[in-house]
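Inspection log for the structure reproduced underneath, given as structure tokens.
Written out as structure tokens, the structure is:
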């Protein structure tokens, strides 16, 4: 892990600029209801709510639900590969590691911070649903926004991690619907 890489130097500067905002947002953990809410959201954002949505799509939407579920699975795998490669390549420490005054509200799933995988998946899935099942997307939008907020509130990510995760997730969601949805409709019609 070369500490003098361009990415490391860049993140050191950005971390210092985002520290005060992170610390300010993280202070909301002092309120137990806030901490409890965001811990639950974070846990559901680990994948549990999305697994339930994927499994329920064929029931909720008999015509296109199977295709949407298959698209979400394929896109979810792409999201996982994308964020794991970026985290391994860019190596940005989490706020609570770099700044001891930031409290870690829940244990992270992995070590590095950039981009937020939870946000990436949530925005990607919400984008897929917005383009294929907008009524479901509207119901899940508050959860998606809560997942994004939880990452900073819990001291796990910087705002720029969340913004990058949202941007990448939105792009992957758009690309998957535009590039794969019609194929999955055909596959689901045969099944």
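In my numbering, the protein residues as written are 6 to 196.
Using N, Cα and C, we set each Cβ at its ideal position, and we do this for glycine too.
Everything numeric in this text was worked out from a predicted model, so none of it was measured.
Counting only the Cα atoms, residue 89 lies some 20 Å from residue 159. Taken atom to atom, the span from the alpha-carbon of residue 69 to that of residue 115 is near 35 Å. Boundaries of the alpha helix (DSSP H) harbouring residue 14: 11–31, taken from the DSSP string. Counting other Cβ atoms within 10 Å of its Cβ, residue 55 reaches 16 or more and is therefore classed as buried.
When secondary structure is reduced to three states using DSSP, residue 88 falls in the helix class. If you check the CB distance, residue 79 and residue 181 come in under 8 Å. Within the same chain, Cβ atoms closer than 7 Å to the Cβ of residue 153 are found at 124, 127, 167 and 171, the five residues on either side in sequence being excluded. In its chain, beyond the 5 residues on either side, 44, 47 and 159 have a beta carbon closer than 6 Å to the beta carbon of residue 111. Three or more beta-carbon pairs separated by less than 8 Å are not found between the region 136–155 and the region 89–107, which leaves the two stretches without contact. Approximately 17 Å separates the beta-carbon atoms of residue 130 and residue 169; this is outside 8 Å, ruling out the contact. Taking the Cα positions, residue 99 is about 17 Å away from residue 10. Looking at the backbone, the Cα of residue 82 and that of residue 95 are separated by about 20 Å.
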